[in-house]
Every structure is written in structure tokens, then in C-alpha cells.
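The structure appears below as C-alpha cells.
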Amino acid sequence: MPGKLNFLTLIERKRDGGRLTAGELAQIVRAYAADQIPDYQMAAFLMAVYFSGLNADETRALTLAMRDSGVTLQFPKDTRPLVDKHSTGGVGDKVSLPLAPLLACLGFRVPMISGRGLGITGGTLDKLDSIPGLKTLLPTERIVEIVQTVGCVICGQTDQMVPADKKLYALRDVTGTVPSIPLIVASIMSKKLAERISALVLDVKFGRAAFMQTMTDARKLAKAMVTLGNQCGVNTRAILTDMNTPLGRAAGNWLEVKESVELLNHRTVKPNQRFNDSTVQRFNDLRTLVLTCAAHLLVQTGRARSFAAAYKQAEDCLNSVAPRKKWDEMLVAQGADLDAFNEKLAHDYTAPVVLELKAKHDGFVSRCDARVIGEVIRDLGGGRLTKETKINFDVGVDRLAKPGDKVQPGSTLCRIHAVTLADADAAAKRLETAFAISRSAPRPSRLIAEVITR
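Under my numbering, the very last position in the sequence shown is 1353; numbers go up by exactly one each time.
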């Protein structure tokens, strides 16, 4: 373990663009996790990394040291591959909810360790917390038990898993070092490697409501994570997806759970869909992305010879009743009150006030700005400005009109779910700027821009 003088030397070396060894990085992580390095020195180190970067070997060493700072999930031998999916986050991104039970029905084990939302980015755990009785904080032994018996679990990171990441992320959050790609890679991948999975698909988003707003930056992050994952023995690939428009037709914690269940109940399935048609991708983007993630994992684990065959296999499974039954099974295993959940689902809405935003002109929706929508939901109480903020699970927007939708005066652009009428009115004024209507149909953009395998 380095003393203060030794650590100062390492800070200075990285500040000046030098390289650190795997042993030095492991010592740094161990010492900081054990409270043997003060925050002010670690903050200086993080800033040195922010400006000077880490090469691939250093990033890998930092990631493994963070993974090994706590316990990792230990599963018994099983013919079912252990797999997971990670998203860099966005507005309306609820893919994990229907994907986990679908993957379990396809013969995978899915230990999906998820996080909470911050800012305009929704968190999977916050969505699940809107389900009556469901527990997202589970002991490690229970996580393994549910995965072995049910096939999937969606829960939070335990205190014992990758504790170094929790400390480092909290410090990055207040020192302006969150955007560092090596630090992002180490944070994400240390948690995924702690799951001991064999395959991982990454959904790296770009656009107005994405962490990486340009495709160039998203590609850079995706390639770094794919390279590291494959180097560490996890078959990893990434898809770059558009987050200029919200995913699906609903955004807000409970509303996204409801839309996910509707997908599992086949209510979003449209006739004559073709998965390689960009218009269809946009029309039913949530379903497309869920099936795409499942198909890639089938290919990555050798369970399908081609992507087309894998997609068809996943689609056939999703069209059955099995994933919805598996969803209910997962909820019960995590302590949910299924009767209360189904009763809540039966209500059209659960917020005190619902207000429809109407179109004033006829034409085609050409813009549905995910960033504006995310900011409105956050300010309605559905998101966090700080990690301590308590959120309202019932607020949000649904029945979103998406680019390409034909509208006329009086058509619904979205439905606003709020606590008070004043909140709803204020949200409506802001949401008017999120939508644009043009005379002609916009040129369809592709939901999935690129696939990165190495």
C-alpha cells in the first residue's frame, strides 16, 4: 500500500502523462477503498486521469482492481449461460424490464445489476420501486438463488459488490471528472465483471438526451468497453442507438413499467413487421430494441447461427405467454405483491392530475425532443437533481406522438401525469417546444446506428 509520498508521486506521474503499472493501480484502489487515501488526493488523481487519460492496459488494470475490491457473484455450474445487458441511459429507456424475463425464457441466466436515475436519465431501480412490495436491494446469496431458480433478477448493487466504485463515483460526481472515458469504462465494466457473466451486450446511446451526445463520442466509449470486456473473457458487443427521441411511448417510472407489461402482453405488436425496416424500428422502437439485444446475446453465446435466425427465435418467444409469466415469477421472487401490482395496472393512470397536450396544426410529427421531455419529467418530480432527492413514481408522460406520426388539430401529442394542475399546465407549456409538426413526413432515422463487436 503506497504511503502519502508514494501516492503523490503516482499523481504527478499521471499528471505529466506517464503510465501506471497494474500493481500500482491495484494498490491505489485498495488503499482508497480502505480509507487510507484522503479524498483530496484521490480527487487530484482523478483529475490527472481526466486530463492525461489511461491507456488500454491501465484501464483494464483499474477495472479489475475495482471488481476485486469486493465480492463477486458465484454461481453453480449450469448449462444456461450467464448474460447481461447494460445501457448508458436515456429517456423512456425501459428495455431491461421486458428483456430480463425474455432472456430467461430463452435459456439464459440473467443477474442484472442495475442503478438509479440522476438528472434526466431514468433508472431501472426507480421503475421497479414503483411496483408494490418489490425489493431491489437483495443480499448476494438471494441474488444467486433467484437467478438459479427463476432465471433472472433485476436488483441493485450490494454494499459488498465493487465498493471502490461507489466511493470513486461519488467523488467523480463532485469533482467534474464524470465524463472521463477510462473512468466511465472502469465504473461500468467493473460491476459487469463482478457478475461473472459470459456475454454482455451494451446499449450505448447518443443524441440530445444521451450522456454521449455525438455518435463519435458514443462510438469511442463503446469500443473501449467492448475491447475491455473481450480482453477479460466476456464476449462483449455494443449497439449505438439514437436517444434524440424518447424510447417507447411513455416516460416516467410507473408509466414505463406499465408500457413494459403491455409489450409482454403483445399490445405493441403490429402486423407485418420487418426488423430491418427503419420505419418499423421507429414505429415500435421499444420492441425492436428488446429483440435486438436478445438476438445479439443468442449469437454471442453460440445459440443461433445468424442474427436473423436469433431475432426470429427471440420474437417467437416474446409472442408467447412465457415472458409475461416469467416476469410475474421474478416479481414474486423479489417480494412483490402481485395482486396489488395487477390492481395498479388496471388503472389508466395513478397520478392525481392528467392533462393532454393537443396538436394545433395538421401534418406529421418531425421532432419529439427527448431532452426537453426528460427535463420536464424530472421537474414534475419523476427524476433527481441530487442523489438524495425523493422521486414521485406516478408522474411522467405517455401516449407520446413520435416522428412520422400523422396528426391533426386536437390530436394528442402526449398525456401529462402530474401532482397538481399548476404543475401540469407548466409542463404543457414547456412540452410544446419539444414537438415540431411539418407538412410532409420526416425522413426516418435509424434507431440502431451501428453494431460494434471489437
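Glycine included, each C-beta is placed from N, C-alpha and C at the ideal position.
I need the DSSP call for residue i, collapsed to helix, strand or coil.
i	result
E1255	strand
A1149	coil
K1225	helix
F1105	strand
I1290	coil
L1312	strand
A1327	helix
M1060	coil
E1242	helix
V1077	coil
R979	coil
A1098	strand
A1317	strand
S1205	coil
D1025	helix
A1235	coil
F906	helix
I1087	helix
F1174	Bear in mind that the predicted position of F1174 carries a pLDDT of just 36, short of 50, making it unreliable; the figure below should be weighed with that in mind. The answer is coil: DSSP assigns F1174 none of H, G, I, E or B.
A1300	coil
I1045	helix
V1156	helix
R1071	helix
A992	The question names Ala, but residue 992 is Asp in the sequence shown. In the structure shown, D992 sits in coil (DSSP, three-state: anything other than H, G, I, E or B).
A1093	helix
L972	coil
Y1210	helix
D915	coil
D1322	helix
Roughly how far, in whole angstroms, is the beta-carbon of residue i from the beta-carbon of residue j, given that I think they are within contact range, below 8 Å?
i	j	result
L998	K976	The Cβ separation is near 25 Å, so there is no contact.
F1007	V982	5 Å
H1316	D1293	6 Å
S1079	D1064	That pair is no contact at about 14 Å.
M1060	A1348	That belief does not hold up - the Cβ atoms of M1060 and A1348 are roughly 32 Å apart, past 8 Å.
T1076	L945	4 Å
V1046	T962	With 8 Å as the limit, V1046 and T962 do not qualify as a contact, their Cβ atoms being about 23 Å apart.
A1300	C1267	7 Å
W1153	T1311	With 8 Å as the limit, W1153 and T1311 do not qualify as a contact, their Cβ atoms being about 19 Å apart.
L1092	C1131	6 Å
V990	A1108	5 Å
G1018	G1282	7 Å
C1216	L1001	6 Å
L1127	T958	6 Å
D1297	R1148	6 Å
Who does residue i pair with in a DSSP beta bridge?
i	result
I1336	V1264
P1010	V1052
T1020	L1017
V1306	G1262
M1111	F1105
R1283	G1018
Residue i lies in the beta strand (DSSP E); which residues open and close that run?
i	result
K984	V982 to S986
D1141	N1134 to D1141
V1296	G1295 to D1297
A1348	I1347 to I1351
Please report the residue range of the alpha helix (DSSP H) in which residue i lies.
i	result
G1128	M1114 to Q1130
P1038	Note, P1038: premise wrong, no alpha helix (DSSP H); not H, not E.
T962	A955 to R966
S995	S995 to C1004
H1165	H1165 -> no alpha helix (DSSP H), and no H or E assigned at all.
S1219	Premise fails: S1219 is in no alpha helix (DSSP H) and is neither H nor E.
I927	A921 to A932
A1269	A1269 to I1276
T1191	D1184 to Q1199
F944	D938 to S951
Given 8 Å, three or more beta-carbon pairs between the stretch 1331–1347 and the stretch 1260–1274: For the pair of segments examined, the stretch 1331–1347 was found to touch the stretch 1260–1274: the number of CB pairs separated by less than 8 Å reaches three.
Given 8 Å, three or more beta-carbon pairs between the stretch 1102–1119 and the stretch 1064–1073: no
Contact the stretch 1245–1260 vs the stretch 1306–1323: 3+ CB pairs below 8 Å: yes
Segment contact, 8 Å Cβ cut-off, at least three pairs: the stretch 986–1002 with the stretch 1153–1160: yes
Contact between the stretch 1112–1130 and the stretch 1202–1209 (3+ Cβ pairs under 8 Å): no
Any 3 or more C-beta pairs closer than 8 Å across the stretch 1215–1235 and the stretch 1122–1136: no
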